[in-house]
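**Student:** Protein chains in written order, with my numbering: chain A, 321 to 399; chain B, 5 to 369; chain C, 11 to 373. For each residue, glycine too, the CB sits at the ideal point set by N, CA and C.
(1) Applying the 10 Å Cβ sphere with the 16-neighbour rule, what's the burial state of residue 131(C)?
(2) Give the straight-line distance between the Cα atoms of residue 61(C) and residue 15(C), rounded to the nearest whole angstrom.
(3) Are the beta-carbon atoms belonging to residue 76(C) and residue 271(C) less than 8 Å from one another?
(4) Got a sec: is the Cβ-Cβ distance from residue 130(B) to anything in chain C below 8 Å?
(5) I need the straight-line Cα distance from residue 108(B) to residue 118(B), nearest angstrom please.
(6) Could you say which of 189(C), 298(C), 222(C), 25(C) lies nearest to residue 339(C) if we only look at CA atoms?
(7) Taking 6 Å as the limit between beta carbons, can you name the residues of its chain near residue 124(C), skipping five residues before and five after?
(8) Of all the CB atoms in chain C, is at least one closer than 8 Å to the CB of residue 299(A)?
(9) Any beta-carbon of chain A closer than 8 Å to the one on residue 356(C)?
(10) For the beta strand (DSSP E) containing residue 270(B), list its first residue and its last residue.
(11) Just how far apart, CA to CA, sit residue 33(B) and residue 342(C)?
(12) Got a sec, what are the start and stop residues for the beta strand (DSSP E) residue 217(B) sits in?
(13) Kindly identify the DSSP beta-bridge partner or partners of residue 15(C).
(14) What residues in the stretch 333 to 348 of chain C have a beta carbon less than 9 Å from any beta carbon of chain A?
(15) Below 7 Å between beta carbons is the criterion; list the residues of the stretch 264 to 294 of chain B that meet it against any residue of chain C, in chain order.
(16) Report yes or no: do three or more beta-carbon pairs, one from the stretch 60 to 77 of chain B and one from the stretch 94 to 108 of chain B, lie closer than 8 Å?
(17) Among all the DSSP beta bridges, which residues are the ones paired with residue 372(A)?
(18) Expressed to the nearest angstrom, what Euclidean distance is found between the alpha-carbon atoms of residue 314(C) and residue 92(C)?
(19) For the beta strand (DSSP E) containing residue 140(B), list its first residue and its last residue.
(20) Determine contact between the stretch 305 to 313 of chain B and the stretch 351 to 362 of chain B, defined as no fewer than three beta-carbon pairs at a distance below 8 Å.
(21) In three-state terms, what does DSSP make of residue 196(B)?
(22) Residues of the stretch 74 to 96 of chain C with a CB closer than 8 Å to any CB of chain B: list them in chain order, please.
(23) For a contact meaning CB atoms closer than 8 Å, what does residue 103(C) contact in chain A?
(24) State yes or no: is the C-beta of residue 112(C) within less than 8 Å of the C-beta of residue 142(C)?
(25) DSSP state of residue 31(B), grouped into three classes?
(26) Below 7 Å between beta carbons is the criterion; list the residues of the stretch 36 to 54 of chain B that meet it against any residue of chain C, in chain order.
(27) Please report whether the beta-carbon of residue 390(A) lies at a distance below 8 Å from any beta-carbon of chain C.
(28) With which residues is residue 189(C) paired in a DSSP beta bridge?
(29) Give the interface partners of residue 298(B) over in chain C, defined as CB-CB distance under 8 Å, in chain order.
(30) Just confirm the distance between the C-beta atoms of residue 229(B) and residue 93(B), as a whole number of angstroms; I'd bet it's less than 8 Å.
(31) Alpha carbon to alpha carbon, how far is residue 248(B) from residue 351(A)? Give it in angstroms, no decimals.
(32) What are the start and end residues of the beta strand (DSSP E) that includes residue 308(C)?
(33) Does the distance from the CB of residue 336(B) to the CB of residue 40(B) come in under 8 Å?
(34) Are the beta-carbon atoms belonging to residue 339(A) and residue 391(A) less than 8 Å from one another?
(35) For the stretch 255 to 274 of chain C against the stretch 300 to 313 of chain C, do three or more pairs of beta-carbon atoms, one drawn from each stretch, fall closer than 8 Å, so that the two count as touching?
(36) Kindly list, in the order they appear in chain B, the residues whose Cβ is closer than 7 Å to that of residue 329(C).
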């Protein structure tokens, strides 16, 4: 079971979990919109861009298209 | 008469003209075949900038900025006016030395400017690739969101969505067969000026742009390489020059490119590649940024890099306002003021002879 | 390396196309943006390899591939989202969207879910959510009961059309019901009742992913890629299969994929089923009036409905309000605006999906 950090907090995640699902399981919103609304994934398939998070320092990654990998550092907007 | 003034072309130049005539208490009709602010106005960077290719160009851009400044207080939010200044980057000592006479030139003519040495350059823009020599900062330059500016400037004018088939003296024939007449007809159709006046030396000059996702703080000023002037004011078939603008949204608008002789508006991957490669030479961090969209637009280019503003040769009530190349947003204001002055017989700040069509021998009647 | 056939999309249509192309002796490559095959409907399913065909994952194309003798576009469909008050709250997710997230590891054990919107997908989603341990509180179909019943009675024509969990007798399934406002902790439905739920899984049908066909210049007719019975589009060497040519489910997708890959004419006539689906689940008028002036329509740029009404078309809305200028390039707001105002689809600008500057430099 890969262990990752979301906003600095260490979390154990099941195999084959997407970053988006991991963020939702941790009860977090992925991002904050232009008018400061917290947002989470809508489409689950990479077209809505609501699940964007920063992964290993790279901004604007769509969490629903990324599988969680041991050691990943994920940060959401809301921090 | 349809109205006192009819303006053909609803881009930024047409809109600025509309506003200037409305301010004189005249009635204005705008004829636009597609969307207000939908041509080069939408495709470009919305940069309001002083440029010094010639005395005339400097005078036109300087006066235009003064006129833009007068409007700032009344601009609605969606125009997104921001006085972010322009920072011209000198990549090496040679370029920095060449900028010294430029500083004198600006200061002599009353435009605030400042030379930055290497340390000051990186303080202003830490994201620049190491090893650059310095810069030339023009704090009075600004950025707006041009399509909304065009719509705002038009307020009070009547807008007709139609295609113009023919232009006559103080009169246009629409494709529908309807005729519009006026006291003064202004033709501001940008890169398509030759559709109505085939002898005008206006050629479409294609440009590409790319915009990134949001990276607030990555770039703080509009950054342009000094070599931009060579690209813009040169005549080569294909050239790129580094030009990046941070938008209020935190997105980075990346340009610039110029091509002659390409008629289609399709994005050309090799131009995007060249343009972005040049940009990364100045801001290395761009390489990893996410580009969400690319597009193209056509500037209206003239042989001497100055717009054609003045009476249309052979007419008494039809006026031209075209050929603004990459300075349309800026110089729309100066253009409008010059036209109002010419029509009302007033001498203004600008020299009419610099901009009249008669300066081109083959345009004389 | 040049391939005889490149297939874009590893869902039912794409996999069938790849299999058929390989069987006809073509060197074949399949590209998909997900991390595994199956597209949406077969997400997570095992055993989807195609003998002798390379499947490349996490490959999202910014433009149509040009280095192949034949390009078969099988990019499928996405959900149609409609704006309504509260739809941007984080507990509101697509119907297919929530199902996809569950298959990606979202834990819904013990969570209460309202499934709403339109189409047979809702029932499949409800069944999958139940299997994952969620408590499905309600399945609300906007189409009136009579139309759903008529549709169900026609299904005998297609004996192999198995709609998972199609138990219309279930008390949880209600027709003629739709969400009017999502609120913290629940949703208010059109019957005036507030249902408590942890998630509202809401999608109003499917729309084809036309971005790549449009970038390729394929002719679009009535909102779908125009093809002949060999699945050829109007562009030389470009084929389109599956939901791209009409929303019609797995069988149509497989038959069309087979045709494109083999060079034969498509088996069977799927037109009737496509029409029945479209007619049955047509969106009702009331859904046009759900959004309030302050309801956000473009989620990328937070553009509210009030700024859009005065615009002429999508392009004007884009220029004047930034609606559609975000990274999704109008994939979410576009179909909604088409439903609300009749504005036809605007083409996306390249890249079809965001790509790094480095990628665009390297070409």
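**Tutor:** Taking the geometry as given:
(1) buried
(2) 15 Å
(3) no
(4) no
(5) 10 Å
(6) 222(C)
(7) 147, 148, 197, 205, 207, 210
(8) Look at the range of chain A in this structure, 321 to 399, and you will see that residue 299(A) is not part of it.
(9) no
(10) Segment: none, residue 270(B) is in no beta strand (DSSP E) and carries neither H nor E.
(11) 37 Å
(12) 207 to 218
(13) 38(C), 80(C)
(14) 336, 337, 338, 341, 342
(15) 271, 273, 276, 277, 280, 281, 284, 290, 291, 292, 293, 294
(16) no
(17) 382(A)
(18) 13 Å
(19) 138 to 142
(20) yes
(21) helix
(22) none
(23) 360, 361, 362, 364
(24) yes
(25) coil
(26) 39, 41, 42, 46
(27) no
(28) 199(C)
(29) 359, 360, 361, 370
(30) 5 Å
(31) 26 Å
(32) 306 to 308
(33) no
(34) no
(35) no
(36) 39, 41, 42, 46, 151
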